[in-house]
Amino acid sequence: MSWILIRHGMTQGNLEKRYVGSRTDEPLCPEGILRLKQLSYPDVQCVYASPMKRCLETAGIIYPGLPVRIVPDFRECDFGAFEYKNYTELNGNADYQAWIDSGGTLPFPGGESREAFSARSVAAFRSLPPCGEKENRALIVHGGTIMAIMEAMASPKGSYYDFQVRNGLGYILENDGSYKALGF
33 MSWILIRHGM
43 TQGNLEKRYV
53 GSRTDEPLCP
63 EGILRLKQLS
73 YPDVQCVYAS
83 PMKRCLETAG
93 IIYPGLPVRI
103 VPDFRECDFG
113 AFEYKNYTEL
123 NGNADYQAWI
133 DSGGTLPFPG
143 GESREAFSAR
153 SVAAFRSLPP
163 CGEKENRALI
173 VHGGTIMAIM
183 EAMASPKGSY
193 YDFQVRNGLG
203 YILENDGSYK
213 ALGF
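Heads up: the sequence shown begins at 33 in the numbering used here, then just goes up one per residue.
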């Protein structure tokens with residue numbers, strides 16, 4: 033059995049390099065939909081997803097006809113005061129600079145810490161019910177959710193930011209922790 037971890041398709045906020053967190057439930061943009069339709073994905077028997085619109089739309093495009101099991105704790109991080117802002121808008125903001133200088137370990141002002149977000153994401157992953165011994169399972173989630181799960185589960189180990197992934201891409205994670213990037 034393999035876990036297929038896929039980051040949702042591109043949104044307008046992603047195109048504009050914004051922090052699109054749990055407070056913004058935006059749909060996929062036309063470019064994101066087109067890109068997902070151009071790629072091919074491994075066959076799966078079970079699909080789990082974040083409750084965010086961008087993930088549910090992605091699941092419907094990639095795996096039409098399969099029921100999607102929504103996992104509330106797979107929602108994106110709460111970016112607090114940085115929500116839906118980009119680098120240009122945050123440049124010169126003392127809180128943003130402190131967060132950057134911390135390597136992203138400080139909590140987002142008025143939002144969630146990476147530690148709390150990762151703990152939530154990994155706990156949700158570990159609590160998933162089995163689908164069947166020989167079934168592949170897809171997780172249609174957010175980049176941060178994938179980074180948190182991979183940091184906790186992948187072998188060889190890597191740091192959180194080692195597992196960054198572009199929209200529509202992801203990893204195949206085996207039960208023993210071995211993994212490979214989805215190649216298209």
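Built from N, CA and C at the ideal position, the CB exists for glycine as well.
Backbone secondary structure at Cys61 - three-state DSSP: coil
query: Which whole-angstrom value is the C-beta distance of Thr177 and Ser34, which I expect to be below 8 Å?
result: Incorrect: roughly 17 Å between the Cβ atoms, too far for contact.
task: Jot down the residue ranges of each uninterrupted alpha helix (DSSP H) in the region 168-208, minimum 4 residues, whole runs only, in chain order.
output: 175-185
field: Status (buried if at least 16 other CB within 10 Å, exposed otherwise) for Ile93
entry: buried
message: Count Cβ pairs between the region 98-116 and the region 194-209 that sit closer than 8 Å; are there 3 or more?
response: no
- request: Report all residues from its chain with a CB closer than 8 Å to the CB of Tyr128; omit the five preceding and five following residues, and keep chain order.
  value: Phe114 and Leu122
- prompt: Assuming Leu60 contacts Arg86 under a Cβ cut-off of 8 Å, what Cβ separation, rounded to an integer in Å, is found between them?
  reply: 6 Å
- request: Please say whether Lys49 and Asn125 have beta carbons closer to each other than 9 Å?
  value: no
field: Closest by C-alpha distance to Met84, when choosing among Val100, Gln70, Glu108 and Pro62
entry: Glu108
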